[in-house]
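Single-structure report; data block below.
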């Protein structure tokens with residue numbers, strides 16, 4: 013069975029476009045999240061954004077970017093209309109929680125800014141090995157293996173000290 017909606021039943025839509033800038037410097041803001049209803053786009057390198065297929069009607073255009081206060085503006089979009097809305101954001105200090113990123117892959121040592129140590133299998137098995145922790149201990153600078161001295165207790169492996177990530 014095939015259902016065909018009459019042309020008059022299609023939802024009327026329009027387009028919203030504009031530019032997001034810093035209110036003080038007038039510089040474009042890249043990556044600002046611009047949303048209207050359930051639609052969301054990001055501002056490009058020049059601060060511009062384009063949102064097509066926006067249902068006709070009145071809604072709130074919202075913009076947010078880390079380091080800036082959120083902004084909102086009521087907009088009314090007419091069918092097949094293109095509405096230009098430029099928004100200037102005010103900088104605002106933000107407290108962010110820590111983010112830990114772990115990556116795996118292959119890189120040239122010269123391209124990495126942190127400390128990198130590689131241990132080959134022959135280096136790993138060199139020396140007098142009486143326990144599994146001795147396999148790791150003293151092989152890589154900054155790595156410590158600490159036994160908790162309890163029967164059946166586990167090991168703590170510390171990289172760059174007890175308080176590092």
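Numbering (the working numbering), first residue to last: 13 to 177.
Every residue gets a Cβ at the ideal spot worked out from N, C-alpha and C, and that includes glycine.
Pull up the CB-CB distance for residue i and residue j, whole angstroms please, since I reckon it's below 8 Å.
| i | j | result |
| --- | --- | --- |
| residue 103 | residue 80 | 6 Å |
| residue 7 | residue 27 | Coverage of the chain is limited to positions 13 through 177, which leaves residue 7 absent and any answer about it impossible. |
| residue 167 | residue 152 | The pair is not a contact, with the Cβ atoms about 15 Å apart (cut-off 8 Å). |
Would you call the CB atoms of residue i and residue j closer than 8 Å?
| i | j | result |
| --- | --- | --- |
| residue 68 | residue 24 | yes |
| residue 98 | residue 87 | no |
| residue 57 | residue 42 | yes |
| residue 52 | residue 40 | no |
| residue 84 | residue 95 | no |
| residue 77 | residue 45 | yes |
| residue 89 | residue 106 | no |
| residue 169 | residue 154 | no |
Just curious, the beta strand (DSSP E) that residue i is in, first and last residue?
| i | result |
| --- | --- |
| residue 98 | It is not in any beta strand (DSSP E) - residue 98 carries neither H nor E in the DSSP assignment. |
| residue 33 | 25 to 34 |
| residue 39 | Run containing residue 39: none; DSSP gives neither H nor E here. |
| residue 155 | 155 to 159 |
| residue 71 | 69 to 76 |
| residue 170 | 167 to 171 |
| residue 85 | 83 to 89 |
| residue 51 | 51 to 54 |
Excluding the 5 residues preceding and the 5 following residue i in the sequence, name in chain order all residues of the same chain whose CB lies nearer than 6 Å to its CB.
| i | result |
| --- | --- |
| residue 60 | 31 |
Which same chain residues end up closer than 7 Å to residue i when comparing Cβ atoms and leaving out the 5 residues on each side of it in sequence?
| i | result |
| --- | --- |
| residue 130 | none |
| residue 149 | 157 |
I'd like the list of long-range same chain contacts for residue i, defined as Cβ closer than 8 Å, with 5 residues on each side in sequence excluded.
| i | result |
| --- | --- |
| residue 36 | 102 and 103 |
| residue 29 | 60, 61, 62, 63, 94, 95, 96 and 97 |
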